[in-house]
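Asks:
In the numbering used here, the protein residues as written are 34 to 324.
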């Protein structure tokens, strides 16, 4: 009866002694981490094509850049598989875009968009008239316009923002309303309600830090080419919800700015954007692929 406890003690000591070696041997058998699959998401598409500049639509520009980025990755990173959420002008629900990435067990998700300033309505004075008493009174008219001077690039990761900082999230999430069953797909999420957006953002992704790292690399590359840096931001974006990999949404410029619209529709402009994204991917890949 006295021998059994002693045996247990000896066994326990042996396990403690051998554990580092067993653990090390097990780790040695594990293959090194590699980025094998990248999903590229061209924003909007099909019936979701409202955002436009003077002569071009976001859904067309984002698709053109997405396809060129995919080709660049395949040419420069032979070991990486590229998957597109769409390769033509079709509508893909936001939840399905991320499902495509999750099913493919993607290592990186990049959603490409063009920015646009919202239309602002204001009253302006339009001369004078006289009232029934003959008194001179001003006449006003209402005009609607959007800022054409705002420009620059910004990249988003999934996260939370204060109530007054949800404009970008609401704009991008508006595509949810085009889905007939959006309440079921997004747990009752209402893209028109900033509070709903904030609730959505509370579902934190465990890949937040990696997403920030990748987003920062993208912005750094934009800055090198002279683009105006609008920074890396957290927003409650439905397209990034439930990501099981680092995921970003990058706004490559403002279609509401005539100069940036020309840039984003030019061959040189799209090539420059693609090179920025490719360089960021290569930089991120180098950082996270541990031998």
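The beta carbon of each residue, even a glycine, is placed where N, CA and C say it ideally should be.
None of these values were measured; they are calculated from a predicted model.
#1: Do the CB positions of residue 143 and residue 73 come within less than 8 Å of each other?
#2: Taking the alpha carbon of residue 137 as the reference point, which residue from 156, 149, 113 and 158 has its own alpha carbon closest?
#3: According to DSSP, simplified to helix, strand and coil, what is residue 276?
#4: At the level of alpha carbons, what is the spacing between residue 266 and residue 166?
#5: What's the C-alpha gap between residue 180 and residue 146?
#6: For residue 107, is the classification buried or exposed, using 16 other Cβ atoms within 10 angstroms of its Cβ as the cut-off for buried?
#7: Check residue 203 in the structure and name its three-state DSSP category.
#8: Whole-angstrom Cβ separation of residue 103 and residue 92, contact assumed at under 8 Å?
#9: Could you check if residue 64 is buried or exposed, using at least 16 other CB atoms within 10 Å of its CB as the buried criterion?
#10: Taking just the CA atoms, how far does residue 268 sit from residue 229?
#11: In whole angstroms, what separates the C-alpha of residue 164 from that of residue 171?
#12: Between 320, 115, 298 and 279, which has its C-alpha nearest residue 285's C-alpha?
#13: Starting from residue 254, follow the beta strand (DSSP E) in both directions and report where the run begins and ends.
#14: With DSSP as the reference, identify every bridge partner of residue 82, one or two as the case may be.
#15: Nearest-angstrom Cα distance between residue 309 and residue 320?
#16: Let me check one thing: in DSSP terms, what residues is residue 284 bridge-paired to?
#17: How big is the Cα-Cα spacing for residue 262 and residue 250?
#18: Nearest-angstrom Cα distance between residue 190 and residue 158?
#19: From the DSSP output, which residues share a beta bridge with residue 172?
#20: Consider the C-beta atom of residue 311 and the heavy atoms of the ligand ZN; say whether any pair is separated by less than 7 Å.
Replies: To lay it out plainly:
#1: yes
#2: 113
#3: coil
#4: Approximately 56 Å between the Cα atoms of the pair.
#5: 18 Å
#6: exposed
#7: Its pLDDT being 45, under 50, residue 203 is placed unreliably in this model, and the coordinates cannot settle the point.
#8: Between residue 92 and residue 103 the Cβ distance is about 17 Å, and since that is not below 8 Å, they are no contact.
#9: exposed
#10: Model confidence at residue 229 stands at a pLDDT of 47, short of 50, so the residue's coordinates are unreliable and nothing is read from them.
#11: In a straight line, the C-alpha of residue 164 is about 10 Å away from that of residue 171.
#12: 298
#13: From DSSP, residue 254 is part of no beta strand (DSSP E) but of the alpha helix (DSSP H) over 241 to 257.
#14: Its beta-bridge partners do not exist; DSSP assigns none.
#15: 17 Å
#16: 146 and 187
#17: 12 Å
#18: So the two alpha carbons sit approximately 42 Å from each other.
#19: Answer is none; residue 172 lacks a bridge partner.
#20: Inclusion of the ligand ZN in the displayed structure is not the case, the ligand content being empty and no account of it being possible.
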